[in-house]
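A short worksheet on the structure shown next.
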Amino acid sequence: MGKRSLRVAGLGLLLLLVGLAGCAPARATVAVTQVAVAATAPPAKPVSTPVPTAGPAKESAPAYYPFAAERKIIKNAEMTLLVEDTDAAISRLTGIATQFGGYILSIQTWYSGEYKEATVTFAVPSDNFERAMQRVREIALKVEKETASGQDVTDIYVDLESQLRNLEATQARLRSFLDKAQTVEEALKVNQELQKIEEEIEVIKGKMNFIEGRSAFSIITVDVRPPRPTPTPTPTPTPTPTPT
């Protein structure tokens, strides 16, 4: 078999490898909630091939367990406060967000009868989450309700890292074969597969960026309303005794 036939055979094996990689389990889907993160399937096992390459087509997952890595935890809190003045509370909540390096996501106001109420949602760096919640408590006449939750998405992030390494290794191999292609047909076939891999890489990077950003900032939602006056009970009239 001549050198040209070997080159075409090598290209055919590479395209078969990429086709198999395309059948790997579906990528993770991360959705906020604001925040439900769906688990992803683990990356496909490495596939060996005799096609010459400058490096391995697949890279195994990291040997350490995710607990050894920086944890990716998405934190949320919801609070309901009785406040003396709704507008003043909105202003103070805006100040708390700024004080702890965060920002306002939304402010909604409405009237319930003659009383103004509001919902303020803001984000703060996760390291300041608990301190920001304490400051929010301090503006209340009474904390009527408080819930806080955290979702650990470290395993999902580690999965995405592994998928990204595998895709980047395949991308490097395709570029190497593209450089060696000697016909337009060879170049077009390799380039098509390269474009598919690059699109998958962008999707994975987008999911990783989302998790990084969402775990770096925690979201606090605060409902504020003034207290209602307690109605004065109407005294029960004393019956007039009937003269005998």
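In this text, residue positions in the sequence shown follow my numbering: the first is 359, and each later residue adds one. All C-beta atoms, glycine included, are put in the ideal place defined by N, C-alpha and C. Quick caveat: nothing in here was measured; it's all calculated off a predicted structure.
Legend entry - Beta-carbon gap between Ile559 and Glu519 smaller than 9 angstroms: no
Inset, instruction - Go to Gln550, then tell me how far its beta strand (DSSP E) extends in each direction, as first and last residue. - result: Run containing Gln550: none in the beta strand (DSSP E); it sits in the alpha helix (DSSP H), 542–574.
Legend entry - Opening and closing residue of the beta strand (DSSP E) in which Asp517 lies: Per DSSP, Asp517 belongs to no beta strand (DSSP E); it is in the alpha helix (DSSP H), 512–538.
Inset, instruction - Check whether the Cβ atoms of Gly453 and Pro483 lie closer than 9 angstroms to each other. - result: no
Legend entry - 9 angstroms Cβ cutoff met for Ala481 and Ile569: no
Inset, instruction - Return the CA-CA distance between Tyr469 and Leu552, expressed in angstroms with no decimal places. - result: 57 angstroms
Legend entry - Inter-residue Cα distance where the pair is Gln521 and Met566: Those two C-alpha atoms are separated by around 11 angstroms.
Legend entry - Neighbour-count burial assignment, Lys354, 16 or more Cβ in a 10 Å radius: Residue coverage of the chain in this structure runs from 359 to 602, which leaves residue 354 outside it and unanswerable.
Legend entry - Residue of Thr477, Ile497, Glu472, Asp513 minimising C-alpha distance to Arg429: Asp513
Inset, instruction - Identify which residue in Arg523, Val494, Glu488, Ile432 has its Cα closest to the Cα of Lys563. - result: Arg523
Inset, instruction - Check Phe487 in the structure and name its three-state DSSP category. - result: helix
Inset, instruction - Please report how far the alpha carbon of Pro585 lies from the alpha carbon of Ile555, in whole angstroms. - result: Approximately 59 angstroms, taken between the alpha carbons.
Legend entry - Beta-carbon proximity of Tyr473 to Thr444, cut-off 9 angstroms: For Tyr473 and Thr444, yes; Cβs fall inside 9 angstroms.
Legend entry - Ile465 burial status per 10 Å Cβ neighbour count (16 or more: buried): exposed
Legend entry - CB of Asn486 within 9 angstroms of CB of Phe458, strictly: yes
Legend entry - C-beta atoms of Ser534 and Ile432 nearer than 9 angstroms: no
Inset, instruction - Using alpha carbons as the reference points, say which of Leu440, Gly571, Val580 lies closest to Val511. - result: Gly571
Inset, instruction - Could you check what DSSP says for Asp581 in three-state terms: helix, strand or coil? - result: strand
Legend entry - Close Cβ partners of Ser615 (< 6 angstroms) along its chain, the five nearest in sequence each way excluded: Because the chain in this structure spans residues 359 to 602, residue 615 falls outside the shown range and cannot be described.
Inset, instruction - Leaving out five residues on either side along the sequence, give the residues of the same chain with a beta carbon under 8 angstroms from the beta carbon of Val494. - result: Here the set comprises Met437, Leu439, Leu451, Ile454, Ile578, Val580.
Inset, instruction - Can you grab the Cα-Cα spacing for the pair Tyr515 / Leu536, in whole Å? - result: 31 angstroms
Inset, instruction - Pull up the distance between the alpha-carbon of Ala574 and that of Asp517, whole angstroms please. - result: 19 angstroms
Inset, instruction - Quick one: give me the first and last residue of the beta strand (DSSP E) that Thr588 is part of. - result: Secondary structure note for Thr588: it is in no beta strand (DSSP E), with a DSSP letter that is neither H nor E.
Legend entry - Completely contained alpha helix (DSSP H) runs for the stretch 455–501, where each covers 4 or more residues: 487–496
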